[in-house]
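Below is one structure, written out as structure tokens; the observations come after it.
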Amino acid sequence: MSTTKLNSDSHHIQSYGAMTPSTSYARSVSESETDTEDLPGLPPTRRSSLSKHLDSEVDPARATGILAAFCFMTGFIDAISFSAVFVWCGFQTGNFVQLALAVAKTFEGPSSTPQDTAFRNPDQHALCSFLTFLLGAFLGRIGDRIGPHKRRWLVSATFVQSLLTMAAAITIWKSSQDSRDGPTRFSIADERGDPAWTHALTFACIGFMSASMGLQGVVAKRLNTEFAASIVLTTVWIELMNDPRLFHINRSVVSRDHKLIFITAIFTGGFIARALLHQLGAAGTLGIATGIRFLIALAWLFVPGKKGTNNPK
1 MSTTKLNSDS HHIQSYGAMT PSTSYARSVS ESETDTEDLP GLPPTRRSSL
51 SKHLDSEVDP ARATGILAAF CFMTGFIDAI SFSAVFVWCG FQTGNFVQLA
101 LAVAKTFEGP SSTPQDTAFR NPDQHALCSF LTFLLGAFLG RIGDRIGPHK
151 RRWLVSATFV QSLLTMAAAI TIWKSSQDSR DGPTRFSIAD ERGDPAWTHA
201 LTFACIGFMS ASMGLQGVVA KRLNTEFAAS IVLTTVWIEL MNDPRLFHIN
251 RSVVSRDHKL IFITAIFTGG FIARALLHQL GAAGTLGIAT GIRFLIALAW
301 LFVPGKKGTN NPK
């Protein structure tokens, strides 16, 4: 009887052992299928690796090239708006003072010489630029929740800037005020009293460009580098002129050299944009700006991360 019981127990153990591998295999197949359904075409290990990479923090000190590209875009975008309506999409100090002058002249009393007290087209564009710039900067608060140094935020925020620039290109193209044979050839105004853009869609174009600059400014500011003021050149000039190692020409000085890169990038951006504007018009030039910003968004994926923070829990 004991022999029979022993054989029975042995049979059950063998049966259990035989079922275990198949059960484990079926379970692993089921889990694999579930993971694949969540993100078709991407293996679970690669998806997990990509997610960790996006959640890692970049090292701002090693993002000099991208931040210089931000400065380049400041000069590039501002050259387009100023050539058309004498308004800055990035340098809001000028717009704010222009608005102050526009409001002040409405209170001027009668004088011996007639004065224009109307809220003119450039003033209206300046107001539009200022308000939409603030809106774009406000969007930067999202980055404070995600993490201002997180790769996920930097990629997505720069991609949104690309979309806003693309929207600006489309609106100015649809406005019919960017033609080669129009009264203002390729969105280039001859004088302040005769702006190239007067159509309602041009206000949308200015708004999209200004919002993109506001968002860019927040992204750069939160990284806290020498390029933090990517849209404020006056501060950079002051800091450069007062750098204690300004004349140490024979050696590298990060604080000085990065400011020089900043200034050069803005000048180069404005120069190239004006040259393109003369040949392609605002829509074509903004189309190129869209592509550049898209490449900048992708470039954030390759910036080295901070040591010890590449594998967030």
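Using the UniProt record's numbering, read the sequence shown as starting at 1 and increasing by one per residue.
We put the CB at the ideal spot given by N, CA and C, even for glycine.
Which class does residue i belong to by DSSP, given the choice of helix, strand or coil?
i	result
ASP194	strand
GLU226	coil
GLY305	strand
residue 318	The question about residue 318 has no answer, for the chain in this structure spans 1 to 313.
VAL253	coil
VAL218	helix
VAL97	helix
VAL58	strand
SER32	Its pLDDT being 45, under 50, SER32 is placed unreliably in this model, and the value from its coordinates should be taken loosely. Three-state DSSP puts SER32 in a helix.
ARG293	helix
ARG274	helix
LEU246	coil
THR264	helix
ILE188	coil
VAL232	coil
ALA299	helix
GLY284	helix
ALA169	helix
PRO90	This sequence places Gly at residue 90; Pro is not what is there. Coil, per DSSP.
GLN177	coil
PHE107	coil
ALA102	helix
ALA118	coil
HIS199	coil
Based on Cα-Cα distance, which residue from the options lies nearest to residue i?
i	options	result
ALA273	ASN242, ALA265 and THR285	THR285
LEU131	THR165, THR93 and PHE247	THR93
GLY90	THR158, GLY207 and LYS105	GLY207
THR202	ILE292, PHE119, THR225 and VAL85	VAL85
LYS306	LEU54, ASP59, THR45 and HIS53	ASP59
ALA265	MET166, ALA282 and LEU67	LEU67
SER156	ALA63, ASP55 and SER129	ASP55
PHE294	PHE159, ALA63 and ALA79	PHE159
ALA297	SER83, TRP153, LYS221 and ASP190	TRP153
ILE77	ALA100, ALA168 and CYS128	ALA168
SER81	MET209, THR106, ASP123 and HIS53	MET209
ASN121	HIS53, ILE238, ALA200 and LYS259	ALA200
MET241	LYS259, LYS52, GLU57 and GLY75	LYS259
ILE288	CYS128, LEU163 and LEU246	LEU163
When the Cα atoms are used, what is the spatial distance from residue i to residue j?
i	j	result
VAL87	PRO244	35 Å
LEU50	LEU276	37 Å
PHE96	ILE249	38 Å
MET254	LYS150	As written in the sequence, residue 254 is Val, which differs from the Met given in the question. Between VAL254 and LYS150, the C-alpha separation is close to 24 Å.
ALA204	VAL232	23 Å
GLN161	ALA211	8 Å
GLN98	PHE119	11 Å
SER28	THR45	Any reading at SER28 must be qualified, since the residue scores a pLDDT of 47, below 50, and its modelled position is unreliable; the value itself is stated next. Answer to the nearest angstrom: the Cα atoms are 14 Å apart.
ILE188	SER48	50 Å
LEU223	THR165	22 Å
ALA61	PHE227	10 Å
PHE262	LEU101	30 Å
ALA229	VAL236	8 Å
LYS103	THR198	With the sequence shown as reference, residue 103 is identified as Val, and Lys is not the correct amino acid for it. Taking the straight line from one Cα to the other gives about 20 Å.
GLN279	THR171	19 Å
GLU108	ALA282	36 Å
GLU239	LEU246	10 Å
HIS53	GLY291	24 Å
THR225	ALA63	9 Å
ASP257	ARG251	10 Å
GLN124	PRO148	33 Å
THR36	GLY75	Low confidence applies here, because THR36 scores a pLDDT of 41, under 50, leaving its location unreliable and the question unanswered by this model.
LEU127	THR106	16 Å
ALA220	SER129	20 Å
SER83	ASP190	9 Å
GLU57	THR234	30 Å
GLY140	GLY65	21 Å
Would you say the beta carbon of residue i comes nearer than 8 Å to a heavy atom of the ligand ADP?
i	result
ALA228	The ligand ADP is not among the ligands present in this structure, which contains no ligands whatsoever.
For chain B, find out if any of its Cβ atoms is closer than 9 Å to the Cβ of residue i; answer yes or no.
i	result
ALA69	Among the chains in the structure shown there is no chain B, since it carries only a single protein chain.
TODO: Evaluate the contact criterion for the segment 291-303 versus the segment 167-177: three or more CB pairs, one atom per stretch, below 8 Å.
DONE: no
Open item on the list: Check whether the segment 133-150 and the segment 188-201 are in contact - that is, three or more C-beta pairs closer than 8 Å.
Closed with: no
Open item on the list: Quick test of the definition: if touching needs 3 or more C-beta pairs under 8 Å, does the segment 62-79 touch the segment 268-277?
Closed with: yes
Open item on the list: Between the segment 126-142 and the segment 203-219, can you find at least three pairs of beta-carbon atoms closer than 8 Å?
Closed with: yes
Task: Within the segment 120-166, ranges of the alpha helix (DSSP H) (whole runs, at least 4 residues) - done: 121-139 and 141-146
Task: Entirely enclosed alpha helix (DSSP H) segments - the segment 59-87, minimum 4 residues - done: 64-85
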